[in-house]
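See structure below.
Now the structure itself:
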């Protein structure tokens, strides 16, 4: 029985295996790291083994981005692995898009919404701040401003009958210095409200003494605590001084509160 002859490979195939072919690139994942092993020839035409290590990190992205990453690739990237392929994909710098809206343009052109403009105006120094926060409050400038307003209000009260409008008899008598039909207390009395609990009679007198002479003052106090109940009555000797007090003190900041001043309503007998 003849022996079985061994078929040997050609020397050309052996040369191709020894010199022509390179092992395929492999990837392994262990302990949160990915190891990529590849083989290539160096400049001396020798086989070299290159191992790259990548650290795997998790990142929270919006739901829309996560859903978009699950889309099936197509075209030349149909069989690519997840992530961009440098052969078919070019990653450029991030571009931020700005969408223009006509309504936003209208708001931008609205002068009332301009942050550089201040709508507040001080009544003491005419500065761009509220009168309560004026640094000149309580100084000589504040006093002069109150005196000017008192003079202007008094002059307006005197000149009012010259306009030809009907003037009640009690107002004519008060301008002449008389008591009138209802008496001086009713026609020249004002009510000041929104006062703080720490208000005293001395504070009330200090508040109105620069406007004009008064006949009497009444500060409402709580019977149990003795604190101010938040309002007071001031009776001036002349009605024009009472009108000036309303003009000056109404809306005036005092002790971190905004005063409310009006004519005192007569009590029903």
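In the UniProt record's numbering, the protein residues as written are 1 to 269. The beta-carbon is built from N, C-alpha and C at its ideal position, and this holds for glycine as well.
Can the beta-carbon of residue 218 be found closer than 9 Å to that of residue 232?
As a first step, residue 218 is located in the chain shown; it is residue number 218 there, counting from the start. As a first step, residue 232 is located in the chain shown; it is residue number 232 there, counting from the start. Yes, the Cβ-Cβ distance between residue 218 and residue 232 is below 9 Å.
What are the start and end residues of the beta strand (DSSP E) that includes residue 27?
Here residue 27 refers to the residue found at position 27 when the chain shown is read from its first residue. From DSSP, the beta strand (DSSP E) with residue 27 extends over 26–30.
Considering only residues of the same chain and omitting the five flanking positions on each side of residue 73, which have a CB-CB separation below 7 Å?
Locating residue 73 in the chain shown gives position 73, where the first residue counts as 1. For residue 73, where only same-chain residues beyond five positions count, the Cβ hits under 7 Å are 80.
What does the alpha-carbon distance come out to for the pair residue 89 and residue 24?
Taking the first residue of the chain shown as position 1, residue 89 is located at position 89. Taking the first residue of the chain shown as position 1, residue 24 is located at position 24. Approximately 23 Å between the Cα atoms of the pair.
Helix, strand or coil for residue 211, going by three-state DSSP, please let me know.
Here residue 211 is taken as the residue at index 211 of the chain shown, counted from 1. When secondary structure is reduced to three states using DSSP, residue 211 falls in the coil class, being assigned neither helix nor strand.
Length of the line joining the Cα atoms of residue 281 and residue 35:
Nothing about residue 281 can be read from this structure; the chain reaches only from 1 to 269.
Which residue wins for smallest C-alpha separation from residue 53, given the options 31, 60 and 65?
Numbered from its first residue, the chain shown carries residue 53 at position 53. Comparing Cα-Cα distances from residue 53 to each of 31, 60 and 65, the minimum goes to 31.
Short Cβ contact (9 Å threshold) for residue 257 with residue 208:
As a working mapping, residue 257 is identified with position 257 in the chain shown. As a working mapping, residue 208 is identified with position 208 in the chain shown. No, they are not a contact pair.
Fully enclosed by the UniProt domain "RRM" (188–266), which beta strand (DSSP E) runs are 3 residues long or longer?
You should have 189–193, 214–221, 228–236 and 260–263.
Beta-carbon proximity check, residue 226 vs residue 130, cutoff 9 Å:
Stepping through the chain shown from its first residue, residue 226 is reached at position 226. Stepping through the chain shown from its first residue, residue 130 is reached at position 130. Against a cut-off of 9 Å, the Cβ pair of residue 130 and residue 226 comes out as no contact.
Where does residue 38 sit, in a helix, a strand or coil, going by DSSP?
Start at 1 with the first residue of the chain shown, and residue 38 comes out as number 38. For residue 38, the secondary structure class from DSSP, reduced to helix, strand or coil, is strand.
Helix, strand or coil, according to DSSP, for residue 314 in the structure here?
This structure leaves residue 314 out entirely; the chain is present only between 1 and 269.
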